[in-house]
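Residue numbers (the numbering used here): 205 to 561.
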């Protein structure tokens, strides 16, 4: 997204140079499209740069703010009317106040921006292919942004304005902040017995599975359980991971059958009839606070109702909160057991124990 936006801005800049060198007339339409290409392209580039930094861990995933940031954002927005370089600053200011938990929405929005930049560039150089393809990408990205907003229970205006009017989460950010509370722990052997003798197991993948690259071990586990007559399903939250469709891509890479993947609306009613729910690296998307705690920043966000399962096994390195910074009460429920460790190693151990039964 970022380099696509930068390319659009550079093409617009080269068109200005060409017009200046040839002495050709600069029409109003050309001037507007050049300005839009530079504006949208540089916003997309700098915003994508910040999003990449947050997703890769180079920048903090927490929402960032500083005194006078809103005023500076307004000034940068106004400055773009006279100075194209301010668009670079604007892109950064629009993304840094958005927390890591909202990155799927930001990525979808930046995708839309890159399409709009390409379409504007198409008008500049009179290229129909760029106009059509850019419009399609922009429209698809915008529609996906709206879908992501609905899944996160966030307004589109909040995303477009880079968190205007929003408050940064005040939840604990340090690892182990809630580790003084008792939790039920489990290990591979006990979990293998639970899964092998279950009628239905629902796997809930999350960002932790992506980081550990555990999708192949998860697929192997699902195949073993399926061979033993266990009904295995994968519950996919729309914003699980750090980009739209993140979990779908990983599971497809591991050759998980598509008919085992279920969207949140399809599978949520089945948790109450599920013997074991395996939560592998997911956190905020299974946090009951979204349903139960009206004071929580994520209250009202649709979640996967894994807490309604008879047994919940959570694969996680620690009790650290997710990107939202909110402690997850699911970890302390009586029907929840924590399987601590690297997701890939933990699932591999579980696979070995299932084979040994």
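Where a beta carbon is used, it is the ideal one built from N, C-alpha and C, also for glycine.
Please read these numbers as outputs of a predicted model, since none were measured by experiment.
- Contact annotation: the region 543 to 554 touches the region 415 to 433, with at least three C-beta pairs closer than 8 Å.
- The beta carbons of residue 432 and residue 475 sit no closer together than 8 Å.
- Shown here for residue 402: same chain residues with a beta carbon closer than 6 Å to its own, the five before and five after excluded, namely 434, 479, 480 in chain order.
- The three-state secondary structure of residue 428, taken from DSSP, is helix.
- Judged by DSSP secondary structure, residue 220 falls within the alpha helix (DSSP H) whose first and last residues are 206 to 226.
- Residue 344 is not a Cβ neighbour of residue 209, given a cutoff of 8 Å.
- Only buried fits residue 392, as 16 or more other CB atoms lie within 10 angstroms of its CB.
- Taking the CA atoms as reference points, residue 427 sits about 38 Å from residue 252.
- Relative to residue 207, the option among 245, 561, 224 whose CA is nearest is 245.
- In the structure shown, residue 507 falls within a coil segment according to DSSP collapsed to helix, strand and coil.
- With respect to the C-alpha of residue 536, the residue from 315, 492, 257, 504 having the closest C-alpha is 492.
- For residue 409, the enclosing beta strand (DSSP E) stretches over residues 404 to 409.
- Cβ neighbours of residue 464 within its own chain (closer than 8 Å, five residues either side excluded): 426, 436, 437, 438.
- In the three-state scheme derived from DSSP, where H, G and I count as helix and E and B as strand, residue 247 is classed as helix.
- Per DSSP, residue 292 has no beta-bridge partner at all.
- Residues 392, 395, 396, 425 of the same chain have their beta carbon placed closer than 7 Å to that of residue 554, with the five preceding and five following residues left out of the count.
- Going by DSSP, residue 341 is part of no beta strand (DSSP E) but of the alpha helix (DSSP H) stretching over 332 to 356.
- Around the beta carbon of residue 226, fewer than 16 other beta carbons lie within 10 angstroms, which makes this residue exposed.
- Judged by beta-carbon spacing, residue 415 lies beyond the 8 Å limit of residue 526, meaning their Cβ atoms are not closer than that value.
- Judged by their CB atoms, residue 349 and residue 319 are not nearer to each other than the 8 Å cut-off.
- When secondary structure is reduced to three states using DSSP, residue 533 falls in the helix class.
- Short of 6 Å from the beta carbon of residue 407, and not among the five residues preceding or following it, lie these beta carbons of its own chain, in chain order: 438, 482.
- Assigned with DSSP and collapsed to three states, residue 417 falls in coil, not helix or strand.
- Secondary structure note for residue 313: its alpha helix (DSSP H) is the uninterrupted segment 307 to 329.
- Inside the region 468 to 520, DSSP marks whole beta strand (DSSP E) runs of 3 or more residues at positions 480 to 484, 515 to 520, from first to last along the chain.
- Within its own chain, the residues whose Cβ lies closer than 7 Å to the Cβ of residue 490, once the five positions on either side in sequence are excluded, are 408, 483, 507, 508, 510, 534, listed in chain order.
- Per the coordinates, the alpha-carbon of residue 335 lies some 51 Å from the alpha-carbon of residue 543.
- Comparing alpha-carbon positions, the option among 215, 400, 228 lying closest to residue 560 turns out to be 400.
- Bridge pairing for residue 542: 389, 518 [DSSP].
- Judged by DSSP in its simplified three-state form, residue 458 adopts coil rather than helix or strand.
- For residue 390, same chain residues with a beta-carbon under 6 Å away, outside a window of 5 residues either side, are 541, 543 in chain order.
- The DSSP-derived three-state label of residue 436 is strand.
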